[in-house]
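>
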Amino acid sequence: MTRRRQLADVVFTTVIPRGLDAGVLYVSIEYATAIHSCMCGCGREVVTPFGRGSWRICYDGEGISLSPSVGNGALPCRSHYFIRDSRIIWLDAEAPRSVPEPRSLLWRLLRRLRKN
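First residue of the sequence shown: -10, per our numbering; consecutive thereafter.
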């Protein structure tokens, strides 16, 4: 696995494609969420919904920032990073944690965003 240092692209979309391109942050304003393939290269999908108590995005026409950090302690890779001005800032690995299964809210949202 190769850790990315920069986003390859930001795609504003309504419908999330079935296959996520590495290094691309897909943003749906309509569904208030972003999704990307984990920046460590493991290929897992990372869903970051926007809103109070969730993530926020800032886009200036060139670079995008996502806050707070993206912590994947529930994934085997345990990646932890910030996306700031389209750059990936790596942090120490997240402590392993369990996530209630199924992650029904996020997966329902993801299914709504995908093309049938």
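Ideal Cβ positions, reconstructed from N, Cα and C, are used throughout, including at glycine.
For residue 54, tell me which candidate among 12, 79, 31 and 75 has the shortest Cα-Cα distance.
Checked all of 12, 79, 31 and 75; the closest Cα to residue 54 is 75.
> Give me, in chain order, the residues of the same chain whose beta-carbon lies closer than 8 Å to that of residue 0; leave out the 5 immediate sequence neighbours on both sides.
Excluding residues within five positions, the ones whose Cβ falls inside 8 Å are 13, 14, 15 and 16.
> Take residue 77 and list the residues in its own chain whose beta-carbon comes closer than 8 Å to its own, dropping the five residues that flank it on each side.
So the list reads -8, -7, -6, -5, -4, 28, 70 and 71, once near-sequence residues are dropped.
> Drop a sphere of 10 angstroms on the beta-carbon of residue 3, count the other beta-carbons inside from all chains shown, and report buried for 16 or more, exposed for fewer.
That one is exposed.
> Residue 40 and residue 21 - do their beta-carbons sit closer together than 9 Å?
Yes. Within cutoff.
> Using DSSP with H/G/I as helix, E/B as strand and the rest coil, what is residue 14?
Strand at residue 14.
> Let me know if residue 11 comes out buried or exposed under the rule of 16 or more other beta-carbons within 10 Å of its beta-carbon.
Exposed, by the Cβ-count rule.
> Which same chain residues, not among the five before or five after residue 58, have their C-beta less than 8 Å away from its C-beta?
Correct list, in chain order: 69, 70, 71 and 80.
> Pull up the distance between the alpha-carbon of residue 109 and that of residue 61, whole angstroms please.
Residue coverage of the chain in this structure runs from -10 to 105, which leaves residue 109 outside it and unanswerable.
> Using the Cβ count rule (16 or more neighbours within 10 Å means buried), how would you classify residue 43?
Exposed: under 16 other Cβ atoms inside 10 Å.
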